[in-house]
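Chains as they are written, first to last, in UniProt numbering: chain Y, 1 to 245; chain D, 1 to 223. Everything below concerns the one structure shown next.
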């Protein structure tokens, strides 16, 4: 027990030292910069169109776990769900020449991509599912993205712990062939726990980038004035904006 | 010639700092989802091959539960760790430290020779055998430098979704992403096992001189 006490003191002292480093200006800058080094390395090593692995249908998980919001109760979402999402609209807006407001029917009539991919949660688990929907690039092209647009922001219907969920990606991921606005999971309309009726698939990044309950796609030049300025709900709570690590 | 070359000493201490931070922040990451799976996917207890205990705060970075902060530390220290390991391997091959001191000879693998080496260790006689290190030392250092630490880097790359479009073959060799995650955990604890034995033997072999030599390089000796 004494030895354990000694280790605990040693551990606590080391941790306290690390936290002191993290509190300094240089320390916090360094911790924030590492994410950018990884992003740079990934972008350098990987072609912007290179695909995340796709699996045969036989590899699909028996059940697709939901995380974060799994049954939103805020705003008109419960009513929308009760109406089978018949009145759901997806707006495409912001720095575009041709803003749009689409019904689910409009979205289903666009050219579709179906992909069996693996979903990796930041916590560490993975699940495999088959997703169907139009490529985001199709929507962005139809809306005529303006040249000053640098990011695409995803607005969501769910309010998690008092804040509206949102996410964002750069134009590389926005135009990636596997980046789709999914409306089907495993051949069925997406269940509420997985983001009904629309969710993003950003296949080369972790799960929190795949915004659920999608209400709007917004082209912007900067993320500074959105939420707390870090580009997403979890990013505003300290998580990395580049979630390919 | 010094007992330890400057490249070895520099790497040893930088690597120690990296491994300690990576291990302790890794424990927080484990606490975020304390189950391990084989294959491509897994999320529920019934798919797990191991339910990992929750690691107490005092042994984790940042000392309280924050997956976001732990990941910041983990992905920062991954850089000096991986680049340092590459540097050490290049240095060991160029200055022949690997060939001269760590690579084993065929006769050292004879059962009688291994038994003799184990007996000498049990007598706490560590200065037996020809060359700088005896057989068990060569084996331990070889395993850590050649298997445990490189596997930490490879399995770490394999569980990064952004790396997979380019390194999909690596994920496949390792048996899928959740297998790679399990191996990341297994090799982390293998490295901890080495660390404990290493510290214990340094304590038994005279910690003052051992640590001093790893800092200053130690006395000259005839190669």
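Built from N, CA and C at the ideal position, the CB exists for glycine as well.
* Asked: Who pairs with residue 103 of chain Y in a beta bridge, going by DSSP?
  -> Numbered from 1 along the first chain, position 103 holds the residue referred to as residue 103 of chain Y. BP columns for residue 103 of chain Y point to Y:89.
* **Any 3 or more C-beta pairs closer than 8 Å across the region 119–133 of chain Y and the region 60–67 of chain Y** => yes
* Asked: Using a Cβ cut-off of 9 Å, which residues of the region 190–212 of chain Y contact any Cβ in chain D, in chain order?
  -> 203, 204, 205 and 206
* Exposed or buried, residue 109 of chain D, counting other C-beta atoms within 10 Å across all chains shown (16 or more means buried)? -> On the second chain, residue 109 of chain D is found 109 positions in, with the first residue counted as 1. Answer is exposed; the Cβ neighbour count stays below 16.
* **Short CB-CB distance (under 8 Å) between residue 59 of chain D and chain Y** => For the purposes of this step, residue 59 of chain D is taken as the residue at position 59 of the second chain. By this cut-off, residue 59 of chain D is an interface position.
* Cβ neighbours of residue 223 of chain D in the same chain (closer than 8 Å, five flanking residues each side left out) -> Within the second chain, the letter at position 223 stands for residue 223 of chain D. The predicted model places residue 223 of chain D with a pLDDT of 44, which falls under 50 and marks its position as unreliable, so this point remains unresolved.
* For residue 152 of chain Y, count neighbouring Cβ atoms within 10 angstroms of its own Cβ and tell me buried if that reaches 16, exposed if not. => Taking the first residue of the first chain as 1, we reach residue 152 of chain Y at position 152. Counting Cβ neighbours within 10 Å, residue 152 of chain Y comes out buried, since at least 16 surround it.
* To do: Classify residue 108 of chain Y as helix, strand or coil using the three-state DSSP reduction.
  => By 1-based counting over the first chain, the position of residue 108 of chain Y is 108. The three-state reading of DSSP puts residue 108 of chain Y in helix, counting H, G and I together.
* Asked: Residues of chain D with CB under 7 Å from residue 116 of chain Y, in chain order?
  -> Here residue 116 of chain Y refers to the residue found at position 116 of the first chain. The premise fails here: residue 116 of chain Y is roughly 11 Å from chain D at the closest Cβ pair, so nothing lies under 7 Å.
* Span of the beta strand (DSSP E), counted from its first residue to its last, around residue 179 of chain Y -> Taking the first residue of the first chain as position 1, residue 179 of chain Y is located at position 179. Careful: residue 179 of chain Y lies outside any beta strand (DSSP E) and carries neither H nor E.
* Asked: Name the residues in the region 158–189 of chain Y whose C-beta lies less than 9 Å from a C-beta of chain D; which are they?
  -> none
* Asked: Helix, strand or coil: how does DSSP classify residue 115 of chain Y here?
  -> Position 115 of the first chain, counted from the start, is the residue given in the question as residue 115 of chain Y. Strand.
* Asked: Could you give the distance in angstroms between the alpha-carbon of residue 44 of chain D and the alpha-carbon of residue 54 of chain Y?
  -> Looking up residue 44 of chain D in the second chain gives position 44. Looking up residue 54 of chain Y in the first chain gives position 54. If I take the Cα positions, the gap works out to 22 Å.
* Residue from D:195, D:151 and D:6 with nearest C-alpha to residue 180 of chain D -> For the purposes of this step, residue 180 of chain D is identified with residue 180 of the second chain, where counting begins at 1. Of D:195, D:151 and D:6, the residue nearest in Cα terms is D:151.
* From residue 69 of chain D to residue 61 of chain D, what distance separates their C-alpha atoms? -> Position 69 of the second chain holds residue 69 of chain D. Position 61 of the second chain holds residue 61 of chain D. Using only the alpha carbons, I get a separation of about 8 Å.
* Note the first and the last residue of the continuous alpha helix (DSSP H) segment covering residue 25 of chain Y. => Here residue 25 of chain Y refers to the residue found at position 25 of the first chain. Start and end: 25–45.
* Taking all protein chains shown into account, do 16 or more other C-beta atoms lie within 10 angstroms of the C-beta of residue 176 of chain D, making it buried, or fewer, making it exposed? -> Reading the second chain from its first residue, position 176 is the one you call residue 176 of chain D. Residue environment: residue 176 of chain D is assigned as buried (16 or more neighbouring CB atoms within 10 Å of its CB, all protein chains considered).
* **Within chain D, the residues that residue 53 of chain Y reaches when beta carbons sit closer than 7 Å** => To locate residue 53 of chain Y, count along the first chain from 1; it is residue 53. The contacting residues are 164 and 168.
* Is residue 162 of chain D closer than 8 Å to residue 204 of chain Y when the C-beta atoms are compared? -> Taking the first chain and counting its residues from 1, the one referred to as residue 204 of chain Y is at position 204. Taking the second chain and counting its residues from 1, the one referred to as residue 162 of chain D is at position 162. Result yes, Cβ atoms of residue 204 of chain Y and residue 162 of chain D sit closer than 8 Å.
* Does any C-beta atom of chain Y lie closer than 8 Å to the C-beta of residue 83 of chain D? -> In the second chain, residue 83 of chain D corresponds to position 83, counting from 1. Output row for residue 83 of chain D: interface = no.
* To do: Determine the DSSP secondary structure at residue 235 of chain Y, reduced to helix, strand or coil.
  => Translated into positions along the first chain, residue 235 of chain Y becomes position 235. Looking at residue 235 of chain Y - three-state DSSP - the assignment turns out to be helix.
* Asked: Does residue 223 of chain D come within less than 8 Å of chain Y when only Cβ atoms are used?
  -> On the second chain, residue 223 of chain D is found 223 positions in, with the first residue counted as 1. Any reading at residue 223 of chain D must be qualified, since the residue scores a pLDDT of 44, below 50, and its modelled position is unreliable; the value itself is stated next. False, the Cβ-Cβ gap to chain Y never drops below 8 Å.
* Asked: Measuring CA to CA, which of Y:212, Y:172 and Y:245 is closest to residue 165 of chain Y?
  -> Mapped onto the first chain, residue 165 of chain Y falls at position 165. Checked all of Y:212, Y:172 and Y:245; the closest Cα to residue 165 of chain Y is Y:212.
* Can you grab the Cα-Cα spacing for the pair residue 210 of chain D / residue 16 of chain Y, in whole Å? => Within the second chain, numbered from 1, the residue matching residue 210 of chain D stands at position 210. Within the first chain, numbered from 1, the residue matching residue 16 of chain Y stands at position 16. Taking the straight line joining both Cα atoms gives about 28 Å.
* Which residues in the same chain as residue 92 of chain Y place their Cβ atom closer than 6 Å to its Cβ, once the five residues preceding and following it in sequence are excluded? -> Locating residue 92 of chain Y in the first chain gives position 92, where the first residue counts as 1. Result list for residue 92 of chain Y: 100, 139, 143 and 217, in chain order.
* residue 17 of chain D (DSSP reduced to helix, strand or coil) -> One-based indexing of the second chain puts residue 17 of chain D at position 17. Here residue 17 of chain D sits in helix by DSSP.
* Asked: Per DSSP, which one or two residues make a beta bridge with residue 166 of chain Y?
  -> Locating residue 166 of chain Y in the first chain gives position 166, counting from the first residue. Looking at the DSSP output, residue 166 of chain Y bridges to Y:155.
* To do: Look at the Cβ atom of residue 185 of chain Y, then the Cβ atom of residue 94 of chain Y, and state whether they are nearer than 8 Å.
  => If you number the first chain from 1, residue 185 of chain Y lands on position 185. If you number the first chain from 1, residue 94 of chain Y lands on position 94. Result no, Cβ atoms of residue 185 of chain Y and residue 94 of chain Y do not sit closer than 8 Å.
* **Contacts around residue 108 of chain Y, its chain only, beta-carbon distance under 8 Å, and the 5 residues preceding and following it disregarded** => Numbered from its first residue, the first chain carries residue 108 of chain Y at position 108. Once the five neighbours on either side are set aside, the close Cβ partners of residue 108 of chain Y are 183.
* Starting from the Cα of residue 56 of chain Y, find the closest Cα among D:59, D:54, D:53 and D:40 and give me that residue. => On the first chain, residue 56 of chain Y is found 56 positions in, with the first residue counted as 1. Residue 56 of chain Y has its Cα closest to that of D:40, out of D:59, D:54, D:53 and D:40.
* **DSSP state of residue 245 of chain Y mapped onto helix, strand, coil** => As a working note, residue 245 of chain Y is residue 245 in the first chain. In the structure shown, residue 245 of chain Y falls within a coil segment according to DSSP collapsed to helix, strand and coil.
* To do: Grab the span of the beta strand (DSSP E) containing residue 220 of chain Y for me, first residue to last.
  => As a first step, residue 220 of chain Y must be located in the first chain, where it is residue number 220. Here the beta strand (DSSP E) through residue 220 of chain Y covers 214–220.
* To do: Verify the CB distance criterion: does residue 227 of chain Y have a CB-CB separation below 8 Å to chain D?
  => The count along the first chain starts at 1 and reaches residue 227 of chain Y at position 227. With its beta carbon at least 8 Å from every one in chain D, residue 227 of chain Y lies outside the interface.
* Asked: Would you call the region 69–85 of chain D and the region 27–36 of chain D touching, i.e. three or more CB-CB distances under 8 Å?
  -> yes
* Boundaries of the alpha helix (DSSP H) in which residue 172 of chain D is found, first to last residue -> Locating residue 172 of chain D in the second chain gives position 172, counting from the first residue. Taken as a continuous stretch (DSSP letters only), the alpha helix (DSSP H) holding residue 172 of chain D covers 164–173.
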